[in-house]
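See structure below.
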Amino acid sequence: MNAGKRQKVQKKVKRDNPVNETSDIPDAKMADEAVMQLVISGDRDAFVALVRKYQKSLLNFFYRMNVYIGDADDLVQETFIRLFNYRDRYRPSARFTTFLYLMARQVQIDYYRKQKRRSNLTEALKNEYAPEDAKPDAGRIADAKERTDKALNTLSEEMRIVVVMSIYQDLKYREIAEILDIPVGTVKTRMFHALQNLREAMKNEQP
Amino acid sequence: MNNHDTGCPEQEDIVAILRGELDTREENLLKEHFKTCPSCRALADSFNLTIKELQANKAFPGRSADLAGRILSRLPPDAWDLEGPAIWRVNGFFLRAAACFAILCVSSAGILALMQSQVRDAAPSGFMTQNTKDKSSALKNTMQWLASVQELSGRWDASSLGGKKEYDMALNGLALLTFTRNPDARTVNHPIIARSMKYLTSRQKDSGLFGEEVEGMMYNHGIVTVALLETYMQRKDPALKSCLDKALAFIKKQQFAAGGWGYSNRPEDTPNTSVSVWQLQALLLSARLGWKDQENSLRKGLLWLNSMIDDKGQFGYDSPKNSPEGKITLTAMGALCMFMAPEAEAPYKKEILIKLRQALASPGEENNLGDFYRSYFRAAAFNAARTDENNRMLADLQHSLLSVQNNSGKHAGSWSPNDRWGSVGGRIYSTSVAALTLEMDSIH
Chain A
3 MNAGKRQKVQ
13 KKVKRDNPVN
23 ETSDIPDAKM
33 ADEAVMQLVI
43 SGDRDAFVAL
53 VRKYQKSLLN
63 FFYRMNVYIG
73 DADDLVQETF
83 IRLFNYRDRY
93 RPSARFTTFL
103 YLMARQVQID
113 YYRKQKRRSN
123 LTEALKNEYA
133 PEDAKPDAGR
143 IADAKERTDK
153 ALNTLSEEMR
163 IVVVMSIYQD
173 LKYREIAEIL
183 DIPVGTVKTR
193 MFHALQNLRE
203 AMKNEQP
Chain H
26 MNNHDTGCPE
36 QEDIVAILRG
46 ELDTREENLL
56 KEHFKTCPSC
66 RALADSFNLT
76 IKELQANKAF
86 PGRSADLAGR
96 ILSRLPPDAW
106 DLEGPAIWRV
116 NGFFLRAAAC
126 FAILCVSSAG
136 ILALMQSQVR
146 DAAPSGFMTQ
156 NTKDKSSALK
166 NTMQWLASVQ
176 ELSGRWDASS
186 LGGKKEYDMA
196 LNGLALLTFT
206 RNPDARTVNH
216 PIIARSMKYL
226 TSRQKDSGLF
236 GEEVEGMMYN
246 HGIVTVALLE
256 TYMQRKDPAL
266 KSCLDKALAF
276 IKKQQFAAGG
286 WGYSNRPEDT
296 PNTSVSVWQL
306 QALLLSARLG
316 WKDQENSLRK
326 GLLWLNSMID
336 DKGQFGYDSP
346 KNSPEGKITL
356 TAMGALCMFM
366 APEAEAPYKK
376 EILIKLRQAL
386 ASPGEENNLG
396 DFYRSYFRAA
406 AFNAARTDEN
416 NRMLADLQHS
426 LLSVQNNSGK
436 HAGSWSPNDR
446 WGSVGGRIYS
456 TSVAALTLEM
466 DSIH
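Those protein sequence lines, which keep their order, are chains A and H. Just so you know, we're using our numbering here: the first sequence kicks off at 3 and counts up by one. Just so you know, we're using our numbering here: the second sequence kicks off at 26 and counts up by one.
Here it is as structure tokens:
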């Protein structure tokens, strides 16, 4: 895309979407899909805005998917680098989060492959490097947190990812289905069975 | 969606309604059913409880750093230049720009070569042999790590990496120095250097001081001034020169009548070697770069420094005898400045340099704690003192540093701040100072 065309895209996107006039960084009100269009047109600030908006959610996503906490930062970086590298494949008709988590899912799969030799990342290792407030001796909140973490660990990976995407990332079933490339009905079924298992697991962990 | 045997909805739909996944019609139908079916309502309540318990721990339990800078630094340099590099080959403007760039590089290299010849002989044979490859790869990793933790503003948030906030400017100055002294980063348009320069100059007060008027302000100011002088040496930026004019004037203004500098120049403050050495390095460097009006200040400062030497050739902190933190680092710091000063203009007897060489070679015992700062100044002093013996020591120091660099994890390329001053400077300090020590054979 040449510079003139890029400017045109930027102007159009900014005209069609509310932006903060005092800043080059896209306003929080601007739809992510429009911000992504700016990224495709070569707008570095738009890319930074998306990174800042989603870095914490992605960190949480990888953490919930049992990625070793010390590696989660790297996986978030890798996700955004892939997002940038594959930006031309993004279609504005698709939700931005679908595209983002599609990248994240691929990064996570690659990570699991690389980690195969230590495939069952033990709870002990996770706790050893977990932040202070994530350790079990941090009182009642930690007890509840530990209970939910343990319950999540009882799920198969395919059930766990549906729960993590729906409950922790607030993605809709339709988006989850697109990201995982499975029918919406399968998402619905997995979610039901996952919650059933979680309910039982958490009951068993009650003090 | 009904279970035809019982008339109750499918259990999957009960979960779906709780997640807001059903359309309005389906949702209304289910709600109606709940009114008349206690078992479905109980099931919904129980799933709802599970979901709420999961959501109660929804937040990420750890800290999350801003990753934007690191991510941008991992993208190719031309990532946002969507025209692509092919245009460079056909566009006359780019060719002209490239030619200008090459001329500037040659000029910078010339200045560097000139300055190197003033300070030391060409690198002796045998010095850059065995660990040159290791050093180069270690430094590459260090640059990548430092680049990954630089904010877009150009700042290194040293306090988030264990440094004390009041020394944030000094630590930024040290990080910038690692780039200005790295042969691979000595390009006029290096983005990390450009951003850092922009950040540091934006923090200059009208008085010329870099940073805030805090307790250790002259430490901050001296280090930043040295770092920006070295940046100026490469970029010749007129705006930067104007900042440096003010910074150098501030150094002169803060000089005690006795000739040294203290942490803040308050009435109760006294001049000390540790702070004075950074101001002297700035004055020495500026003199070499052509600043004309600080000869008196420099001469006075060097004389004061000379007055801090004891009869063994070792430096004290604020008097030849007083050195609460030991003499090895102070001796290396003082010796560095005295070897940096052109011999013909040095306001002290040449014999003192012989004594300093001896003191450097036999530093004595102090403590066994690691000390990156001490290593750096000893390496710098060895380098400036120009003897084969000292260069062997420099190689040993560098070899030791290579063995303790972090090689894996998110801090790969850095050095852990586990030395004597790590709790003050954090990881930016330990990494920058270790890298500066490794870069020593290219110091001017």
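All C-beta atoms, glycine included, are put in the ideal place defined by N, C-alpha and C. Note that the structure is predicted; figures quoted are calculated from it, not measured.
In the structure shown, the three-state DSSP call for Q171/A is coil.
Excluding sequence positions up to five before and after R89/A, its CB lies within less than 7 Å of the CB of V41, I42, all in the same chain and listed in chain order. For P216/H, the uninterrupted alpha helix (DSSP H) run begins and ends at 216-227, by DSSP. With contacts defined as CB atoms closer than 8 Å, L308/H and Q319/H qualify as a contacting pair. Residue environment analysis places L68/H among the buried positions, since at least 16 neighbouring C-beta atoms fall within 10 angstroms of its C-beta. Within 7 Å of the CB of F85/H, the CB atoms of chain A belong to K58, L61, N62, Y65, in sequence order along the chain. Using a Cβ-Cβ distance cut-off of 8 Å, the stretch 342-355 of chain H and the stretch 370-381 of chain H are not in contact, since fewer than three pairs of beta carbons, one from each stretch, lie closer than that value. Taking a contact as a CB-CB distance under 8 Å, the pair E35/A and F86/A does not count as one, their CB atoms being some 16 Å apart. By the rule that beta-carbons nearer than 8 Å mark a contact, M105/A does not touch chain H. Rounded to the nearest whole angstrom, the C-alpha separation of N331/H and A360/H is 10 Å. If you check each beta-carbon in the stretch 40-67 of chain H against every beta-carbon of chain A, the ones closer than 9 Å belong to V40, A41, L43, R44, G45, E46. Looking at G236/H, M222/H, D182/H, the one whose alpha-carbon comes closest to that of P263/H is M222/H. Listed in chain order, the non-local C-beta contacts of Q339/H below 6 Å within the same chain comprise K352, T356, A384, local neighbours out to five positions each way being set aside. Counting only residues of its own chain and dropping the five nearest sequence neighbours on each side, M418/H has a CB closer than 7 Å to the CB of F407. Restricting attention to H424/H, M258/H, G188/H, the CA atom closest to the CA of S441/H is found in G188/H. Within chain H, the residues placing a beta-carbon under 8 Å from that of A146/A are E78, A81, N82, ordered along the chain. At a Cβ-Cβ threshold of 8 Å, L182/A and I169/A do not count as neighbours.
Per DSSP, L461/H is one residue of the alpha helix (DSSP H) stretching across 447-463. For Q36/H, the nearest CB of chain A lies under 8 Å from its own CB, placing it at the interface with that chain.
K160/H has a beta carbon lying at 8 Å or more from every beta carbon in chain A. For R99/H, the residues of chain A that pass the 8 Å Cβ criterion are Q79, I83, in the order they occur in the chain.
Nearest C-alpha to R180/H among M168/H, Y224/H, S173/H: Y224/H.
When C-beta atoms of the stretch 88-105 of chain H are compared with those of the stretch 51-59 of chain H, fewer than three pairs fall below 8 Å, so the two segments do not count as touching. Note: I334/H is bridge-paired with F340/H in the DSSP secondary-structure output. Looking only at K205/A, R192/A, E160/A, T100/A, the smallest Cα-Cα distance to E148/A is reached by K205/A. Between M167/A and I178/A, the C-beta gap is smaller than 8 Å, which places the two residues in contact. Under DSSP, G188/H shares a beta bridge with G450/H. Put simply, of L254/H, G287/H, G438/H, Q304/H the residue whose alpha carbon is nearest the alpha carbon of I218/H is L254/H. Straight through space, the alpha carbons of L52/A and L97/H are spaced by roughly 12 Å. For M67/A, no alpha helix (DSSP H) encloses it, and the DSSP letter there is neither H nor E. Judged by beta-carbon spacing, A437/H lies beyond the 8 Å limit of N207/H, meaning their Cβ atoms are not closer than that value. Sequence-distant partners of A163/H (beyond 5 residues in either direction) whose C-beta falls short of 6 Å from its own C-beta, in its chain, are L427, Q430.
DSSP places W105/H outside both helix and strand once states are collapsed to three, so it counts as coil. The shortest C-alpha to C-alpha distance from M465/H to any of S400/H, N443/H, L186/H, K435/H is the one to S400/H.
With contacts defined as CB atoms closer than 8 Å, F204/H and A195/H fail to qualify as a contacting pair. At a cut-off of 8 Å between beta carbons, R95/H contacts chain A.
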